[in-house]
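Right, one structure below, let's go through it.
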Amino acid sequence: MCSNRSEGERMMRKPSMFMMAVAFILASLNLRPALNSISPMLQAIQRDLGMSALTASLLTSIPVLCMGIFPAFAVKLGQRAGLERVIGWSIAVIGIGTVLRWFTGSSAYLLLTAVLAGLGIAAAGPLLSGFIKQHFPTKVPVMISLYTVSMAVGASLASGLSLPLSVRTRSWHESLAVWAVLAAVALPVWWWSVLRHTRRPVGEARSQRTIGLPWSSKKAWVLTLSFGLLAVLFFSVTAWLPPVVEHMGYGKAYAANMLVLFSLTQIPVGLLFPHLLRRLPSRRFWLALGSLSLAAGFLMLWMSVTPWLAAILIGIGPGVLFPVNLMMPIEAVSDAQQATAWSAMTQSVGYVIGALGPMLLGVIHDAAGSYTLLIPVLLAVTLVMAGVQQLAAKPKTAEALNKPLGKEKEKEKEKETALPLAE
7 MCSNRSEGER
17 MMRKPSMFMM
27 AVAFILASLN
37 LRPALNSISP
47 MLQAIQRDLG
57 MSALTASLLT
67 SIPVLCMGIF
77 PAFAVKLGQR
87 AGLERVIGWS
97 IAVIGIGTVL
107 RWFTGSSAYL
117 LLTAVLAGLG
127 IAAAGPLLSG
137 FIKQHFPTKV
147 PVMISLYTVS
157 MAVGASLASG
167 LSLPLSVRTR
177 SWHESLAVWA
187 VLAAVALPVW
197 WWSVLRHTRR
207 PVGEARSQRT
217 IGLPWSSKKA
227 WVLTLSFGLL
237 AVLFFSVTAW
247 LPPVVEHMGY
257 GKAYAANMLV
267 LFSLTQIPVG
277 LLFPHLLRRL
287 PSRRFWLALG
297 SLSLAAGFLM
307 LWMSVTPWLA
317 AILIGIGPGV
327 LFPVNLMMPI
337 EAVSDAQQAT
347 AWSAMTQSVG
357 YVIGALGPML
367 LGVIHDAAGS
377 YTLLIPVLLA
387 VTLVMAGVQQ
397 LAAKPKTAEA
407 LNKPLGKEKE
417 KEKEKETALP
427 LAE
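In the numbering used here, the protein residues as written are 7 to 429.
See below:
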């Protein structure tokens with residue numbers, strides 16, 4: 007009887023896959039508003055706090071740097087405390103960093119909130135990839151699609167509503183802080199749907215093997231560079247698209263809406279992508295298409311032609327490229343811990359590279375006193391990225407790149423089971 011009761015309790019505690027997916031989506035919604043709410047407010051923030059363009063660019067670059075520096079620590083913490091628990095902590099940190107913006111009184115204080123938000127985003131990103139591998143191992147393309155779409159929705163909401171909220175409240179402080187609501191909604195759902203079902207027995211964490219980041223893998227480094235160059239483009243557009251469009255002679259509201267359009271475009275692309283990938287599984291085709299779309303959009307901006315169409319084309323790029331770049335590390339390994347480690351490496355080093363983008367454009371703007379040179383720089387980065395991604399996705403090259411560096415070759419060969427990339 008006791009045995010039946012225990013079995014019944016375990017059945018009652020079994021998590022619903024649907025509710026876990028809902029919790030996953032709500033968690034993913036929190037990964038972009040702290041970044042995307044800044045850009046529409048950038049000139050007002052600079053004016054009120056006396057920030058230079060370089061200092062203002064740090065509001066985007068600091069979280070991205072955190073996303074580059076701290077994932078390795080997040081992986082170790084996740085292995086000790088559990089993926090699910092650390093993801094919950096990360097959402098809470100994002101919420102705290104966001105709500106503190108309500109009380110901003112100086113540049114240093116606002117930069118501190120950027121650090122807090124960045125720490126939370128840094129931990130959640132790679133751990134959510136491990137969460138997919140652990141709980142949805144047969145649904146990786148679909149869950150990656152939900153992941154990227156959720157981030158795009160969060161980015162679109164923050165980009166589109168921050169300026170109207172600031173007009174309504176007559177303050178950019180409140181319009182930046184209000185996005186803590188997303189964390190307040192996500193946390194109880196995460197606890198109810200995930201955490202209460204995933205308590206591990208005492209000592210289990212110690213018994214699990216610890217997997218380090220794949221520093222010795224050539225493939226991991228090529229995937230990391232690919233992700234990093236994409237991050238440069240994405241965060242540079244996030245930080246500087248509205249000011250660039252405004253410099254072209256358009257109004258502030260129109261310029262802010264171009265960032266909204268950039269983010270919104272990624273939503274239908276992300277929803278359709280799993281179906282398109284099943285019909286045409288070639289990684290190289292989709293990577294080339296995404297890069298071509300980015301290049302076309304940047305060319306249109308450079309020639310001051312139809313900003314709304316340029317924003318759509320630029321949005322299609324990440325909408326296609328991010329899912330592919332997020333899938334490849336997960337598909338290259340055999341279990342959740344390895345997926346977390348590979349994702350942590352590609353995202354950590356990749357985001358460090360990505361953080362240089364907004365700062366570099368800020369330096370160029372301050373030196374030139376104009377936005378004219380920013381778009382050619384982004385176009386050049388796009389061309390380099392296209393070449394790197396084709397190298398990573400080339401079937402024969404990908405097989406060779408998967409061989410580890412140095413003396414760890416034999417160990418890695420036993421631990422990793424790489425899936426072939428589609429030609």
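Ideal Cβ placement from N, Cα and C applies to all residues, glycine included.
Span of the alpha helix (DSSP H), counted from its first residue to its last, around residue i
i	result
Pro287	Unbroken run through Pro287: none, as it is neither H nor E.
Thr175	146–175
Leu125	113–141
Ile93	89–105
Thr388	380–399
Val191	186–199
Ser22	Looking at the DSSP string, Ser22 is not in any alpha helix (DSSP H), and its letter there is neither H nor E.
Per-residue DSSP class, three states only, for residue i
i	result
Met309	coil
Ser222	coil
Asn431	Outside the shown range of the chain, which is 7 to 429, sits residue 431, and nothing can be said about it.
Tyr6	This structure cannot settle anything about residue 6, because the visible part of the chain is limited to 7 through 429.
Asn36	coil
Asp341	coil
Met254	coil
Met57	coil
Val81	helix
Ser376	coil
Thr346	helix
Thr110	coil
Phe328	helix
Phe30	helix
Phe76	coil
Close-in-space but distant-in-sequence residues of the same chain around residue i (CB under 7 Å, 5 per side omitted)
i	result
Phe24	none
Arg11	Because the pLDDT at Arg11 is just 46, under 50, the model does not fix this residue reliably, and the value given afterwards should be weighed accordingly. Counting only Cβ-Cβ distances below 7 Å, and skipping sequence neighbours, we find nothing.
Leu231	Val394
Pro132	Pro77, Ala80, Val81, Thr346, Ser349, Ala350, Gln353
Met333	Val146, Pro147, Ile150
Val184	Leu171
Leu163	Pro39
Pro234	Per the sequence shown, residue 234 should be read as Gly rather than Pro. Here the set comprises Val355, Gly356, Ile359, Gly360.
Leu125	Cys72, Phe76, Val99
Trp259	Here residue 259 is Ala; the residue named in the question, Trp, does not match the sequence. Contacts found: Leu169.
Val238	Ile359, Gly360, Leu362, Gly363, Val387
Phe268	Val243, Leu247, Ala317, Ile320, Gly321
Chain-order list of residues whose beta-carbon lies under 6 Å from that of residue i (same chain, five-residue window excluded)
i	result
Ala189	Asn36, Ile97, Ile100, Gly101
Pro313	Val251, Met264
Gln52	Ala62
Leu389	none
Leu302	The sequence as given places Ala at residue 302; Leu does not occur at that position. Closer than 6 Å at the Cβ level, and outside the excluded window around Ala302, lie Leu319.
Leu270	Ser162
Glu405	In this prediction, Glu405 has a pLDDT of 48, which is less than 50 and means its spatial position is unreliable; what the coordinates show is noted afterwards. For Glu405, where only same-chain residues beyond five positions count, there are no Cβ hits under 6 Å.
Gly296	Gly323, Val326, Leu327
Ser299	Leu319, Ile322, Gly323
Phe304	Ile381, Leu384, Leu385
Ala50	Trp178
Glu84	In the sequence under discussion, the amino acid at residue 84 is Gly, which differs from the Glu named in the question. For Gly84, where only same-chain residues beyond five positions count, the Cβ hits under 6 Å are Val92, Leu133.
Residues near residue i by beta carbon distance below 8 Å, same chain, minus five either side
i	result
Gly94	Leu193, Trp196, Trp197, Val200, Leu201
Phe241	Leu41, Thr66, Ser67, Val70, Gly360, Ala361, Gly363, Pro364
Thr403	Annotation note: pLDDT 45 at Thr403 (below 50); position unreliable, no value reported.
Ser113	Leu55, Gly56, Met57, Thr61
Ser435	No information on residue 435 is available, as it lies outside the stretch 7 to 429 that the chain covers here.
Can we say the stretch 320–339 touches the stretch 265–278, given the rule of at least three CB pairs closer than 8 Å?
-> By the Cβ test, the stretch 320–339 is in contact with the stretch 265–278, since at least three Cβ pairs between them sit closer than 8 Å.
The stretch 136–151 touching the stretch 335–348, judged by at least three CB pairs closer than 8 Å | Contact between the stretch 136–151 and the stretch 335–348 is established, with three or more Cβ pairs separated by less than 8 Å.
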